[in-house]
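Protein chains: 2
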Amino acid sequence: MYDNLDEIAKKENVPVEKLKARIKRGSLVVLKNSVRDIKPVAIGEGTKTKVNANIGASPDRFNLEDELKKAHIAVDARADTLMDLTVGSGIDELRKTILKHTEIPFGTVPVYQAFSENKQDMNIDSILSAIEKQCRDGVDFMTIHAGITYDIIKNLKGQRLIPITSRGGSLIASWMAENKEENPLYENFNEILEILREYDVVISLGDALRPAACHDATDIPQIQELINLGRLNKIAKKKGVGVIIEGPGHVPLDQVEMNVKLQKKICDNAPFYVLGPLVTDIALGYDHISSAIGGAVAAMHGADFLCYVTPSEHLGLPDAQGVKEGVIASRIAAHAADMVKLNDNKIDYEMSTARRDLNWKKMFELGIDKDIKKIYSELCEKEECTMCGEYCALKSARKHFE
Amino acid sequence: MYDNLDEIAKKENVPVEKLKARIKRGSLVVLKNSVRDIKPVAIGEGTKTKVNANIGASPDRFNLEDELKKAHIAVDARADTLMDLTVGSGIDELRKTILKHTEIPFGTVPVYQAFSENKQDMNIDSILSAIEKQCRDGVDFMTIHAGITYDIIKNLKGQRLIPITSRGGSLIASWMAENKEENPLYENFNEILEILREYDVVISLGDALRPAACHDATDIPQIQELINLGRLNKIAKKKGVGVIIEGPGHVPLDQVEMNVKLQKKICDNAPFYVLGPLVTDIALGYDHISSAIGGAVAAMHGADFLCYVTPSEHLGLPDAQGVKEGVIASRIAAHAADMVKLNDNKIDYEMSTARRDLNWKKMFELGIDKDIKKIYSELCEKEECTMCGEYCALKSARKHFE
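Just so you know, the protein sequences line up as chains A and B, in that order. Residue numbers for the first sequence follow my numbering, so the first one is 95 and each next one is one higher. Residue numbers for the second sequence follow my numbering, so the first one is 95 and each next one is one higher.
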């Protein structure tokens, strides 16, 4: 847990002692399974906002090569972490392949495996077995939907526009409803923590009841689950397991700040991992933009980790181009927030200096997407762009005002 | 000025008397030149956030057909207004063509014409002549950079990372520096207002000194000009000319709210027209996303009118696809803000209802871009999408929780 801090200290420009204190307080986690040979990544207080890219297949579409390509594209676009969300068959194969071919922290949702292999016969043994197997393989963080409890779901009917959109959440909730039993992840939380601790795997407490519509944001089921996550966070911290808290979802713009502050309060400042949030439900085909708006505002107010959303969210699995666009949109949101919360604006200063000087080569180097150069390479041969041509304001301002 | 309010009242769901009071107070303007036969559009207090799309050519690239195509694409993507920013030759031709073939309010920057035709010999006569000609043609609103004054520019050198990025602003500033004379738009503001009033043309007070880099945001030159705009706003209001105030530009995320509130205070709640704002300088090739983040936050806090930014901002004139993407990104920002400031969330509720019911046809109808259906039309033949396949959370939650 306290290993590998020198490298992080350097990368994040935070002294090791401060990192240690934050890890101890639970406001920072380090992602790196003890059996995996990768550079660790810190998430939480005083460090850069991180971006996760989801990959993974579904029963309707499984192609190992495609998913590996998406993983590489996500890494190239500077995703900080990857999660495999595969359901159906091929989960072991895909996980091992991605772990072998990438070098950034990798997360999973073990209940997908337990359920894909056992359906309603899934039980705590098959879940623990999936968790243990995935830990052994080197997974660095795992979403565990332990906060959705029987008392919440028994009253859920009719309370929301969309009851459950979280896939793991709906699996667990349906299992509970079918079996009339408590959530096995909740009931056996200590056993789960013991496995994770053995491998230094961080637990990402899933929000099974994240709002799927702006209408349902910040409602009672969401907050009931958050309260459970707050309690589970305290238990995990005592056990020495790093915790991330997952959060919404679809949230109107004026509720984003409050959601972050509420999570931080209830969960003792544990790192907050938001999916989006999407600030409107209607941006079909453009949810990466809706998500960048919500993500930037969330991160400015303290969210630590942004799960990317691709243009094909709500429409289907993304292709490689969608993965790239999703990562870039989230990176823009993360950086816009870090400029404010970490005063991280050196690169913006350099970009604007290059822009003033019409130094295209430098601008392309500093831009969020290195591939932009390929499309606009002819600019390196000239000064002003086609926007203004000879009427370039930057050029004409030089004479008198620089 | 008080004509055409019935239609607006219906469209905006605001009683005519309230609209009249707001126009009188100067917190609302109606865009429609008295000689033009189009539906009027209201901008300001208590009405939906509007989106402008810029079109127009430069000396490096002039093609009438291309620009007309962009205008049509912007209208199809539901831009509320168009502005022609052409510099160089062909300004008359392009303006007349767009005015003839479109039916939404149309704006211009007359100093572009005066300067393109006269260069440094431009004077108040050529400016007034351009304004009058464009008013006669039916232009509905005009950017006039009257707030940049000699006392500001004489101290500008060395004060900013990028002195001036506004094209109109740099033309005027360079003209002042060359001629050592006061800004002719400032000195002859009353004559300009008289022409505009004759045609019910709204003045959009340009922000020649809008920050071109986050580093320069909310700096002294920007605020000096804003103070002038506040004064000019009072003069125009007295003369019975509707006023919009233009605003930044590049603004760090935590300064966006304050910029809106400052403008509203200094300018007596006049409608605020923001260009972006862009919340980072480094989103080269993706500035529509950077702008959507800033625009949503600005509009939530009171900005009334978003000037779109396309993916090719800072790189060149947009193509038709870029125009479409720019309009859609700004529409997402505008709607995310209107959900909050106008409680305008009926369509989100309908979308989420359709999503819950896996009613793809309805989702495509309600989505921000009607063309998305073409790409994903096969979804109308099935229920769940490729994201989860048979593991669809929405479907599995139905049995127990709806």
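Glycine included, C-beta positions come from ideal geometry on N, C-alpha and C.
Boundaries of the beta strand (DSSP E) around L176 (chain B): 175 to 178. For F156 (chain B), no beta strand (DSSP E) segment is defined, and its DSSP state is neither H nor E. Your pair V403 (chain A) and L372 (chain A) checks out as a contact, with CB atoms roughly 7 Å apart and the cut at 8 Å. Per DSSP, reduced to three states, the secondary structure at T191 (chain B) is helical.
K104 (chain A) and V110 (chain A) have their C-alpha atoms roughly 9 Å apart. Within chain A, the residues whose beta carbon sits less than 7 Å from that of I383 (chain B) are I383, A386, A423, I426, listed in sequence order.
Annotated three-state conformation of M481 (chain A) is coil, per DSSP. Annotation for S298 (chain A): the continuous beta strand (DSSP E) segment containing it runs 296 to 299.
Among the residues facing chain B, E211 (chain A) is not included, as its CB has no counterpart in that chain under 8 Å away.
In chain order, T180, V181, G182, L411 place their CB closer than 8 Å to the CB of S152 (chain B), counting only its own chain and leaving out the 5 sequence neighbours on each side.
Residue nearest to D381 (chain A) within the set B:I376, B:V417, B:R425, B:N453 is B:R425 (criterion: CA-CA distance).
Three or more pairs of CB atoms, one per stretch, sit closer than 8 Å, so the region 317 to 328 of chain A contacts the region 354 to 362 of chain A.
E111 (chain B): member of the alpha helix (DSSP H) spanning 110 to 119, first to last residue. Bounds of the alpha helix (DSSP H) holding C229 (chain A) are 218 to 231. For E281 (chain A), no CB of chain B lies under 8 Å from its own CB, so it is not counted at the interface with that chain. When only Cα atoms are considered, E226 (chain A) and R304 (chain A) end up about 27 Å apart.
Partner residues in the beta bridge of G201 (chain B), as assigned by DSSP, are B:M177, B:F235. If you check each beta-carbon in the region 242 to 262 of chain A against every beta-carbon of chain B, the ones closer than 9 Å belong to I247, L250, K251, G252, Q253, R254, L255, I256, P257, I258, T259, S260, R261, G262. Counted as a single uninterrupted DSSP element, the stretch harbouring V124 (chain B) is not any alpha helix (DSSP H) but the beta strand (DSSP E) occupying residues 122 to 125. Within chain B, the residues V391 have their CB atoms less than 7 Å from the CB of V391 (chain A), given in chain order.
Assignment of I314 (chain A) by DSSP, reduced to helix, strand and coil, places it in the helix class. Out of A:D234, A:G138, A:D100, A:A302, the CA that lies nearest to the CA of L290 (chain A) is found in A:D234. Look at E340 (chain A) here: in three-state DSSP terms it is strand. In this structure, V124 (chain B) keeps its C-beta atom at 8 Å or more from the C-beta atom of A115 (chain B). The beta-carbon separation of V145 (chain B) and A173 (chain B), rounded to 5 Å, stays under the 8 Å limit for a contact. Here DSSP, grouped into helix, strand and coil, assigns G138 (chain B) to strand. Neighbours of M177 (chain B) in chain A, taken as residues whose beta carbon is under 7 Å from its own, are absent, since the nearest beta carbon is some 14 Å off. The C-beta of N439 (chain A) comes closer than 8 Å to at least one C-beta of chain B. Residue pairing by DSSP leaves L255 (chain A) without any beta bridge partner. Residue pairing by DSSP places I149 (chain A) opposite A:D178 in a beta bridge. For Y367 (chain A), the enclosing beta strand (DSSP E) covers residues 366 to 369. Remark: fewer than three beta-carbon pairs, one from each stretch, lie closer than 8 Å, so the region 276 to 286 of chain B and the region 310 to 318 of chain B are not flagged as touching.
Cβ neighbours of G232 (chain B) within its own chain (closer than 6 Å, five residues either side excluded): N127, V129, R130, L193. B:A414 is the residue among B:A414, B:K489, B:Q214 whose C-alpha sits nearest the C-alpha of L162 (chain B).
The criterion of a C-beta distance shorter than 8 Å is not satisfied by T191 (chain B) and L176 (chain B).
Annotation: L347 (chain B) is outside any beta strand (DSSP E) and is labelled neither H nor E by DSSP.
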